[in-house]
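In mature numbering (1 follows the signal peptide of the UniProt record, and there is no 0), the protein residues as written are -22 to -1, 1 to 523.
All C-beta atoms in this analysis are idealised placements derived from N, C-alpha and C, irrespective of residue type, glycine included.
Structure first, commentary second.
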């Protein structure tokens, strides 16, 4: 389940409908698949359907609520055919307290689903979780699809693997980029929009001709301004802003003294000064951003979430004017910068969060076998699109499900069902899911293809940077480096806000000079050294050392 998604309340289906849906879809539905070792030439000691598997599951998030197991077509199929049953342990909106109580009492559920990081380390050091290494060859889907490098990055300090990753990937992914209002763009003669000089000239035209339109909408917290950084120099990914450090050799250097960052801040300040960027960029709400997009009062949109928010706005604008809407463009860049080295997105092969099998589990191997099946193409098809015969029937040569007419025509029911299934996606295989979605979308007529999928395949994924090597470089908040990181973060945000209101490039330089001085006084050099050591250690892990 991807964190950005909004969970939908369960849809109550009749028992007859559930049975009908679970029963449709061909000759495989009455046969339980073998555990993931099937087809590998290696016998498995756990076989679905013969040995019933029941385990408790706890999602360590305030917002997470698992839908009733077996109350939908997908988990009913799993329950009936694989003989797998899952008991949900709710957080009741108090995950921190619940986790602390579990840890103190050593009364753990069979599976804990949580963010990578300090809480995982606590469980590992307390000896409360099961190492997974013995299962990797026996049930080979995780090893096959995640790969050795990703698994090495997930290993604990003792060299063992305890974490089963969710939404890991071996291919680029991302949702960020630039979109242009088609109606305004055509009215202004469809000028070239490739460089920052082009963008500036275009925004000036928009302001003059359309005074009620925001020339450049930068999204929530003004994050579109971060995208400008990626275009100011080749191979200067947004990751530098995230970790507040710029790689040079095997060291990390100050962001505040980085010439590329300084040029970006001057350009941003200029756009803001001339009212070419929304004037409440740092204070506006998410609803305000969406309202402007939905009303068509944005000329250019640049943000990390373009694929998430623009498709709906495009549809709403087209309802009023079929010739309008939004079109995506290749990321804008400085004159002379190679456009194929502009990284406005980034991804991490490790994905999002992880599942830990605790030593409370009576059948840890069975649980691993289930997670391993879940991350396989077969498991992904069932938990993402439902059992075969409902929204898909058969697969293509790549293993992608072939959509049925019901998938295309019954959008409302499909959307509700997929939101329910979202709560059971604990071992997401992003490469398979995204590849399958793209394959299906691109088979449709051009006017039926979804805006976001076409944008992702043509632009966003091609401009995404692999930032796996920087995974886990942020210190624990309570540590000395963690305290420094918080102070440097505050200095960064405060200086950024002041820069928008600067009256000249010279004032921008002065603000950044002071930020550098304040950050160094707070211990910035020590923080960068700390992060660089983890970064270099990660590089060795990725090499298998």
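| said: Whether or not the stretch 442 to 450 and the stretch 318 to 334 are in contact is what I'm after, with contact meaning three or more pairs of Cβ atoms, one per stretch, closer than 8 Å; do they touch? | reply: yes
| query | Quick one: what's got a C-beta closer than 8 Å to residue 469's C-beta in the same chain, skipping five residues either side? | reply | On the chain shown, residue 469 is found 491 positions in, with the first residue counted as 1. Answer for residue 469: 493, 496, 497, 500, listed in chain order.
| task | Just the C-alpha distance for residue 124 and residue 478, rounded to the nearest angstrom, thanks. | result | For the purposes of this step, residue 124 is taken as residue 146 along the chain shown, with counting starting at 1. For the purposes of this step, residue 478 is taken as residue 500 along the chain shown, with counting starting at 1. Straight through space, the alpha carbons of residue 478 and residue 124 are spaced by roughly 42 Å.
| Just the Cα atoms here: how many angstroms apart are residue 517 and residue 511? | By one-based count along the chain shown, residue 517 stands at place 539. By one-based count along the chain shown, residue 511 stands at place 533. Taking the straight line from one Cα to the other gives about 10 Å.
| Whole beta strand (DSSP E) runs in the stretch 43 to 70 with 3 or more residues, listed along the chain? | 62 to 67
| field | Three CB pairs or more closer than 8 Å across the stretch 137 to 154 and the stretch 111 to 125 | value | yes
| message | Closest to residue 485 by C-alpha separation, out of 241, 39, 270, would be which residue? | response | Position 507 of the chain shown holds residue 485. Among 241, 39, 270, the Cα nearest to that of residue 485 is on 241.
| Candidates 81, 369, 393: which alpha carbon is nearest residue 384's? | Here residue 384 refers to the residue found at position 406 of the chain shown. The option with the nearest alpha carbon to residue 384 is 369.
| DSSP state of residue 448, grouped into three classes? | Position 470 of the chain shown holds residue 448. Helix at residue 448.
| task | Pick helix, strand or coil for residue -16, following the three-state DSSP scheme. | result | For the purposes of this step, residue -16 is identified with residue 7 of the chain shown, where counting begins at 1. At residue -16 the pLDDT is 28, less than 50, meaning the model places this residue with poor confidence and gives no usable figure here.
| message | Please report the distance separating the alpha-carbon of residue 235 from that of residue 150. | response | Within the chain shown, the letter at position 257 stands for residue 235. Within the chain shown, the letter at position 172 stands for residue 150. CA-CA distance, residue 235 to residue 150, rounds to 30 Å.
| request: Would you list the one or two residues that DSSP bridges to residue 92? | output: Against the chain shown, residue 92 aligns to sequence position 114. By DSSP's assignment, residue 92 forms a beta bridge with 332.
| request: Can you say whether residue 155 is buried or exposed, counting buried as having 16 or more other CB atoms within 10 angstroms of its CB? | output: For the purposes of this step, residue 155 is taken as the residue at position 177 of the chain shown. Counting Cβ neighbours within 10 Å, residue 155 comes out buried, since at least 16 surround it.
| Cβ separation of residue 306 and residue 224, assumed to be a contact under 8 Å, to the nearest whole Å | Locating residue 306 in the chain shown gives position 328, counting from the first residue. Locating residue 224 in the chain shown gives position 246, counting from the first residue. About 29 Å; that fails the 8 Å criterion.
| query | For residue 525, which residues of its own chain have a beta-carbon under 6 Å away from its beta-carbon, when the five flanking residues on both sides are left out? | reply | Outside the displayed span of the chain (-22 to 523) sits residue 525, for which this structure offers no information.
| DSSP beta-bridge partners of residue 281 | For the purposes of this step, residue 281 is taken as the residue at position 303 of the chain shown. BP columns for residue 281 point to 155.
| task | Starting from the Cα of residue 231, find the closest Cα among 520, 419, 243, 509 and give me that residue. | result | If you number the chain shown from 1, residue 231 lands on position 253. With distances taken between Cα atoms, residue 231 lies closest to 509.
| query | Which value, in whole angstroms, describes the spacing of the CA atoms of residue 270 and residue 251? | reply | Residue mapping note: residue 270 aligns to position 292 of the chain shown, counting from 1. Residue mapping note: residue 251 aligns to position 273 of the chain shown, counting from 1. A straight line joining the alpha-carbon of residue 270 with that of residue 251 spans about 21 Å.
| said: By the three-class DSSP mapping on this structure, what secondary structure does residue 408 have? | reply: The sequence position of residue 408 within the chain shown is 430, counting from 1. Helix at residue 408.
| field | Under the three-state DSSP convention, the category residue 314 falls into | value | As a position in the chain shown, residue 314 is number 336, starting the count at 1. Coil.
| Would the beta-carbon of residue 24 fall within 8 Å of that of residue 64? | Counted from its first residue, the chain shown places residue 24 at position 46. Counted from its first residue, the chain shown places residue 64 at position 86. In this structure, residue 64 does not lie closer than 8 Å to residue 24 by Cβ.
| Run of the alpha helix (DSSP H) containing residue 435, from where it starts to where it stops | In the chain shown, the residue the question calls residue 435 occupies position 457. Per DSSP, residue 435 belongs to the alpha helix (DSSP H) from 429 to 436.
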